[in-house]
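Undergrad:
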Amino acid sequence: MLFIFMESYCKELAKAYKDIAKSTKAAITGEPNYQKNLKKREKELAEQDEIEITDEELELYVKAQPSPYRMKTEEKLGKLKKVMLNG
């Protein structure tokens, strides 16, 4: 009985780690493009609205926005914690 439980637990744990690895890899490759596109879009919107925005303000705004990549990684970390705690 204990062996079956451990096998199931190890499989769930392995899946959780694989999911984190995938989301982290996606974040590493996609985050720079996401920030660049967000910066470009915000600059275009500011120009359309005839609002002057400095590069510093733009940079602060981009950093303040929640990244879908980071949110996905945080979600996967939460699932890993749940697997580890619930064993």
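Here numbering that gives the first Met the number 0 is used: the first residue of the sequence shown is 0, the next is one more, and so on.
Virtual Cβ for every residue (Gly too), placed ideally from N, Cα, C.
Pick helix, strand or coil for Thr-53, following the three-state DSSP scheme.
TA: Walking along the sequence shown from the start, residue 53 turns up at place 54. Three-state result, Thr-53: coil.
Undergrad: Among Phe-2, Tyr-16 and Leu-1, which has the Cα closest to the Cα of Lys-81?
TA: As a first step, residue 81 is located in the sequence shown; it is residue number 82 there, counting from the start. Checking every option, the nearest Cα to that of Lys-81 belongs to Tyr-16.
Undergrad: Would a C-beta distance cut-off of 7 Å place Ser-7 and Lys-75 closer than the cut-off?
TA: Taking the sequence shown and counting its residues from 1, one reaches residue 7 at position 8. Taking the sequence shown and counting its residues from 1, one reaches residue 75 at position 76. Cβ atoms of Ser-7 and Lys-75: not closer than 7 Å.
Undergrad: By the three-class DSSP mapping on this structure, what secondary structure does Gln-64 have?
TA: The residue you call residue 64 lines up with position 65 of the sequence shown. Gln-64 falls in the coil class under three-state DSSP.
Undergrad: Give me the residue from Glu-55, Leu-12 and Tyr-33 with the minimum Cα distance to Leu-84.
TA: Taking the first residue of the sequence shown as 1, we reach residue 84 at position 85. Looking at the Cα atoms, Leu-12 is the closest of the given residues.
Undergrad: Using the C-alpha atoms, what's the distance from Asn-32 back to Lys-39?
TA: The count along the sequence shown starts at 1 and reaches residue 39 at position 40. The count along the sequence shown starts at 1 and reaches residue 32 at position 33. Approximately 10 Å, taken between the alpha carbons.
Undergrad: When we look at the beta-carbon of Thr-53 and count the other beta-carbons within 10 Å, is it buried (16 or more) or exposed?
TA: One-based indexing of the sequence shown puts residue 53 at position 54. Thr-53 sits exposed, since fewer than 16 C-beta atoms from the chains shown fall within 10 Å of its C-beta.
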